[in-house]
Each structure stands twice: as C-alpha cells, then as structure tokens.
Amino acid sequence: MKRGLVWCASLMLALMAVTGVARAENYDFKAGTDYTVLKTQIKDPGTKGAFVLEYMWLGCPHCRALNPLVQEFEKSHPEVKIERRPAVGNERWVFDAHVFYGLYGMGHSDLLYDIMDYYAQIAHDERRLPDGEDLKQYLRQKNIDPDKFMQVMNSEDTLKKLSASYKDQQTIGAKGVPVFLVNGKYQIRFEALTKAKDPKAQFIALVEYLLKQG
C-alpha cells in the first residue's frame, strides 16, 4: 500500500509540471506495461462514441491533482466523452458517492472540481473530511436547497447508479483511485508513467493511442 502511494504521489507531482506536445507516435506502448487489456469491457450506457472513464473519490488528493490534466484533455478532445464515476468502498466513500450523484442528479456536475477543493480545504485546515452539516453549509453557499439535495442523493435512481458502479468496480478489480479506462477496454497503468521523462505528455499520448485501438 505504501509503495503504491509513493509512486502515485510522485506521478501526480510530475503530471503537474509544464510539458510539451504529446505525440503517440513517439512512444512504443505495450499491453501489460503501459496498460491492461480488460477481460470484460465496461460499458457507458448512452455513449456510442469514444469515451474515457475515470473512477475517483471526492476526497482523493491524487484525483484532485489530476483534475487540471483531465480538464485540459477534455477541452482539447471535445469528441471524446469524459465519464466520471465515484468509487464505492468503505462507509465514508459510499457517503461521498451519494454526494457525487446528488450533484449530478440536480444538474450541478459543474461543481465537481469545486466540491473537491472544499473537501481538500477542510482536510487541510481541520484534518478531517466534511460531515453532513458541512455539506449543507456548502450547498447553501451554492444556492442549492439541502433538503432537495438529500432527496436526490438518497433516491432510488442514485442507489441504482451506485450499484452499477460498484459492480463494474468489482469486474475490473479496482482497489484504489484514480482509475482510468479508455473505451471501457483498456486500463492505464500508472507505474510505467512514473519512469517517463514527461509523464503528462506520455499520459495524453497513451490515451490517444488507446482511443485509436477502438
């Protein structure tokens, strides 16, 4: 576990550095080294074209550190859908997954990065994660009715989405976040990126390469 956190933290720092233009043809990507070919494809209902699926957690510092890169990729590749799903694990993660779907269910997916910053601020200042009262305070600041939000985050529709997300998590054997899947077929291996001269450029090039694989 410690080893995984070390390489993940190192990678996040490298990915935030200023880099050049990524070109897939400059790399020799290999299955088993740079990415894993999934035995079972993870589908994104309603999506017919290319997509990148990210499993994340609102309180994950590594996921948050990757947000600028994901946002940059999203803007430069409008033809590719970026689908985010909350990872479901312990009781805390389940609560935060409900919060995630509450935001999306009420049409406030644009607040994803903002609420992750809110989580990080409380973690930094008070060394804890937001509780129910913190959440209500945040919602009021954003002019969102807390009562309506609670109804949505605990709705039957949210429970179905959580169940589906957890099922797919189990299928790919995800044990931590972030996890990136390209077209539901290929899982990016972060270990190889830690050894790259330009992790950010290689990450983007790898995603582009895998998108071309279909």
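Those letters in the sequence shown? Residues -24 to -1, 1 to 190, by mature numbering (1 follows the signal peptide of the UniProt record, and there is no 0). For each residue, glycine too, the CB sits at the ideal point set by N, CA and C.
Quick one: does Gln145 have its CB under 8 Å from some CB of chain D? Absence of chain D from the displayed structure is noted, only one protein chain being present.
Taking 8 Å as the cut-off, decide whether the C-beta atoms of His38 and Thr134 are in contact. No, the pair does not count as a contact, with Cβ atoms beyond the cut-off.
For a test of the three-state rule: what should DSSP assign to Lys15, helix, strand or coil? In the displayed model, Lys15 falls within coil according to three-state DSSP, outside both helix and strand.
Ends of the beta strand (DSSP E) at Phe27? Per DSSP, the unbroken beta strand (DSSP E) holding Phe27 starts and ends at 27 to 32.
Out of curiosity, what's the CA-to-CA distance linking Asp4 and Gln163? Distance between the alpha carbons of Asp4 and Gln163: 17 Å.
For the putative contact between Arg60 and Leu79, defined by C-beta atoms under 8 Å, what is the C-beta separation to the nearest angstrom? Arg60 to Leu79, Cβ: 11 Å. No contact.
Which of the three DSSP states is assigned to Phe5 in this structure? In this structure, Phe5 counts as coil in the three-state DSSP scheme.
Would you say Gln97 touches the ligand SAM, meaning its beta carbon is less than 7 Å from a heavy atom? The ligand SAM is absent from the structure shown, which contains no ligands of any kind.
Boundaries (first-last residue) of the beta strand (DSSP E) holding Pro62: Under the DSSP assignment, Pro62 falls in the beta strand (DSSP E) whose first and last residues are 57 to 62.
Is there contact between the region 12 to 24 and the region 146 to 164, where contact requires at least three CB pairs shorter than 8 Å? With a cut-off of 8 Å, the region 146 to 164 and the region 12 to 24 count as touching, because enough Cβ pairs lie within range.
Residue burial classification, Ala181 (beta-carbon count within 10 angstroms, cutoff 16): Burial call: buried.
Does DSSP put Leu105 in a helix, in a strand, or in coil? Collapsing the DSSP output to three states places Leu105 in coil.
I need the boundaries of the beta strand (DSSP E) containing Leu186, first residue and last residue. Counting along the chain, no beta strand (DSSP E) covers Leu186; the unbroken alpha helix (DSSP H) around it starts and ends at 175 to 188.
Decide yes or no for the touch test of the region 109 to 129 against the region 60 to 69: beta carbon pairs closer than 8 Å, at least 3 of them. Contact fails: fewer than three Cβ-Cβ distances are below 8 Å.
Can you list, in chain order, the residues of its chain whose CB lies under 8 Å from that of Val128, leaving out five sequence neighbours each side? Closer than 8 Å at the Cβ level, and outside the excluded window around Val128, lie Tyr77, Gly78, Gly81, Met82, Thr134.
Considering only DSSP beta bridges, list what Ile164 is partnered with. Tyr11, per the DSSP bridge assignment.
Return the CA-CA distance between Glu102 and Tyr95, expressed in angstroms with no decimal places. A direct Cα-to-Cα measurement between Glu102 and Tyr95 gives close to 10 Å.
Could you name each continuous beta strand (DSSP E) segment of 3 residues or more that falls completely within the region 40 to 93, going from the start of the chain to the end? For the region 40 to 93, whole beta strand (DSSP E) runs of length 3 or above, ordered along the chain, are 57 to 62.
For Gln178, does the count of other Cβ atoms within 10 angstroms reach 16, so buried, or fall short, so exposed? Result: buried.
Helix, strand or coil: how does DSSP classify Val128 here? Helix, per DSSP.
Give every residue of the same chain whose Cβ lies closer than 8 Å to the Cβ of Val153, excluding the five residues on either side of it in the sequence, and list them in chain order. Here Val153 has Tyr31, Met32, Trp33, Cys36, His38, Cys39, Ala63 as same chain residues with Cβ atoms under 8 Å from its own Cβ, once five neighbours each way along the sequence are excluded.
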